[in-house]
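Asks:
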Amino acid sequence: MEKPKLILGDYIWAQPFTIGEFDIPIGGKVVAIESSRVKIVDDDGNEVYISNQQVLKTMHISSINGVDDMINLGDLQEYAILRNLHKRYREKKIYTYTGTMLIAINPYELLPIYTNAIITQYRNKKFEELHPHIFAIGDNSYNDMITTKQSQCIVISGESGAGKTESTKLILQYLASTSGQHSWIEQQILEANPILEAFGNAKTVRNDNSSRFGKYIDVHFNKGGYIEGARIEQYLLEKSRVVSQNNGERNYHIFYSMLSGMSKDEKKRLDLQDADSYTFFKWRKNFDLSRKG
Ligand SMILES: Nc1ncnc2c1ncn2[C@@H]1O[C@H](COP(=O)(O)OP(=O)(O)OP(=O)(O)O)[C@@H](O)[C@H]1O
148 MEKPKLILGD YIWAQPFTIG EFDIPIGGKV VAIESSRVKI VDDDGNEVYI SNQQVLKTMH
208 ISSINGVDDM INLGDLQEYA ILRNLHKRYR EKKIYTYTGT MLIAINPYEL LPIYTNAIIT
268 QYRNKKFEEL HPHIFAIGDN SYNDMITTKQ SQCIVISGES GAGKTESTKL ILQYLASTSG
328 QHSWIEQQIL EANPILEAFG NAKTVRNDNS SRFGKYIDVH FNKGGYIEGA RIEQYLLEKS
388 RVVSQNNGER NYHIFYSMLS GMSKDEKKRL DLQDADSYTF FKWRKNFDLS RKG
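In the numbering used here, the protein residues as written are 148 to 440.
1) What three-state label does DSSP hand residue 440 in the structure shown?
2) Can you tell me where the beta strand (DSSP E) holding residue 346 begins and where it ends?
3) Between the C-alpha atoms of residue 364 and residue 278, what's the straight-line distance to the nearest angstrom?
4) So, is residue 336 buried or exposed, given that buried needs 16 or more other C-beta atoms within 10 angstroms?
5) Can residue 313 be considered in contact with ligand 1, in the sense that its beta carbon sits closer than 7 Å to one or more heavy atoms?
6) Does ligand 1 have even one heavy atom less than 7 Å from the beta-carbon of residue 257?
7) In terms of alpha-carbon separation, which member of 202, 362, 368 and 386 lies closest to residue 164?
8) Let me make sure I understand the geometry here. Which of 301, 377 and 294 has the alpha-carbon closest to that of residue 338?
9) Can you give me the Cβ contacts of residue 301 inside the same chain, cut-off strictly under 8 Å, excluding the 5 residues immediately before and after it?
10) Taking contact to mean at least 3 C-beta pairs separated by less than 8 Å, is the region 168–178 in contact with the region 220–232?
11) Under the DSSP definition of a beta bridge, which residues are partnered with residue 380?
12) For ligand 2, is there any heavy atom lying closer than 7 Å to the beta carbon of residue 305?
13) Measure the C-alpha to C-alpha separation of residue 276 and residue 268 and round it to an integer number of angstroms.
14) Quick check: residue 391 and residue 345, are their CB atoms within less than 8 Å of each other?
15) Count the other CB atoms, across all protein chains shown, that sit within 10 Å of the CB of residue 206; report buried if there are 16 or more and exposed otherwise.
16) For residue 175, which three-state DSSP category applies?
17) Is residue 431 buried or exposed, if buried means 16 or more other CB atoms sit within 10 Å of its CB?
18) If you count every other CB in all the chains shown that lies within 10 Å of the CB of residue 367, and 16 or more means buried, which is it?
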């Protein structure tokens, strides 16, 4: 490929300095040009020298500015996709579309984007009308169900700690709020979560509240579009955790909650001993009864 003629201020893609399995081309802005190399400011704000041989091509305007929907990226390579997600994440834009798919990046902080006002904002909107959001996925499914009278399915996937459980709760929150009639059923669906999590979630090295089971949630709506009920199916619970955990991990939350939350009398009635007598909690350093994580 012919090397581009660069001028100051251009954005370029350049070969990474090492060629390992996870090394990808880097993007940056040209701030100095010399005969055999150029200086760029990379996405982390570092100034680095790139040899002329490393320069791959100038960056497409869509990558420079970033896009809400990655279908619109001019450079449709893995590195452009990752840079777009990274750039948006830095701007606290954790959601990005790829067509009708939503990519969510775990912010590990509470962002002010899940309020009732924002739920209302996303109601009955097309994807392209507002910035990407998990509520748009809930809204789209709900509206498709109402208009086509067909069941809809939302698949949430990702590695441990990616944010699947939180995303599920947010979609349920949206559906509960959007289906109108605020009855006890919606409330019950939302409130079932802490109980399920007590029995099926535990601290792992990757996630303080890791779901150790798969979950299929069926939400039933009546003809008027109101929630009438729900069914939660669980599968593949990691049973071995009850008797042994890897270092730095814990047993299911329920054991800690019971031992720390029950009164002496209640524990006596259930024949429960003090925490120290249980070998199933053998890593004492993980056994902080007052904390969930
Ligand atoms: N949208 C979000 N906003 C703020 N924090 C989040 C968000 N999503 C996830 N988190 C944080 O990340 C943690 C891990 O997320 P979550 O439990 O949803 O991951 P997961 O994909 O379900 O993991 P696992 O497969 O281990 O169950 C949450 O406890 C929460 O602190």
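Ideal placement from N, C-alpha and C gives every residue a C-beta, glycine not left out.
Replies: Short version:
1) Indexing the sequence shown from 1 puts residue 440 at position 293. Low local confidence applies: a pLDDT of 46 at residue 440 is under 50, so the model's placement there is unreliable, with the coordinate-based value given in what follows. Correct three-state label for residue 440: coil.
2) Translated into positions along the sequence shown, residue 346 becomes position 199. Counted as a single uninterrupted DSSP element, the stretch harbouring residue 346 is not any beta strand (DSSP E) but the alpha helix (DSSP H) occupying residues 331–347.
3) As a working note, residue 364 is residue 217 in the sequence shown. As a working note, residue 278 is residue 131 in the sequence shown. Cα-Cα distance, rounded: 27 Å.
4) Indexing the sequence shown from 1 puts residue 336 at position 189. By the 10 Å Cβ count, residue 336 comes out buried.
5) Within the sequence shown, the letter at position 166 stands for residue 313. Flag set: Cβ of residue 313 near ligand 1.
6) As a working note, residue 257 is residue 110 in the sequence shown. Because some heavy atom of ligand 1 lies under 7 Å away, the Cβ of residue 257 counts as near it: yes.
7) For the purposes of this step, residue 164 is taken as the residue at position 17 of the sequence shown. The residue with the shortest Cα to Cα distance from residue 164 is 202.
8) Locating residue 338 in the sequence shown gives position 191, where the first residue counts as 1. Looking at the Cα atoms, 377 is the closest of the given residues.
9) Position 154 of the sequence shown, counted from the first residue, corresponds to residue 301. The answer, listed in chain order, is 284, 285, 288 and 318.
10) yes
11) For the purposes of this step, residue 380 is taken as the residue at position 233 of the sequence shown. In the DSSP output, where bridge partners are listed per residue, residue 380 has 363.
12) The model depicted lacks ligand 2 and carries ligand 1 instead.
13) Counted from its first residue, the sequence shown places residue 276 at position 129. Counted from its first residue, the sequence shown places residue 268 at position 121. Near 10 Å, if we compare the C-alpha coordinates of residue 268 and residue 276.
14) Numbered from its first residue, the sequence shown carries residue 391 at position 244. Numbered from its first residue, the sequence shown carries residue 345 at position 198. Not in contact: residue 391 and residue 345 (Cβ atoms no closer than 8 Å).
15) In the sequence shown, counting from the first residue as 1, residue 206 sits at position 59. Counting Cβ neighbours within 10 Å, residue 206 comes out buried, since at least 16 surround it.
16) If you number the sequence shown from 1, residue 175 lands on position 28. Residue 175 carries a strand assignment under DSSP once its states are collapsed to helix, strand and coil.
17) Here residue 431 refers to the residue found at position 284 when the sequence shown is read from its first residue. Low local confidence applies: a pLDDT of 48 at residue 431 is under 50, so the model's placement there is unreliable, with the coordinate-based value given in what follows. By the neighbour-count rule (16 or more Cβ atoms within 10 Å), residue 431 is not buried but exposed.
18) On the sequence shown, residue 367 is found 220 positions in, with the first residue counted as 1. Exposed: under 16 other Cβ atoms inside 10 Å.
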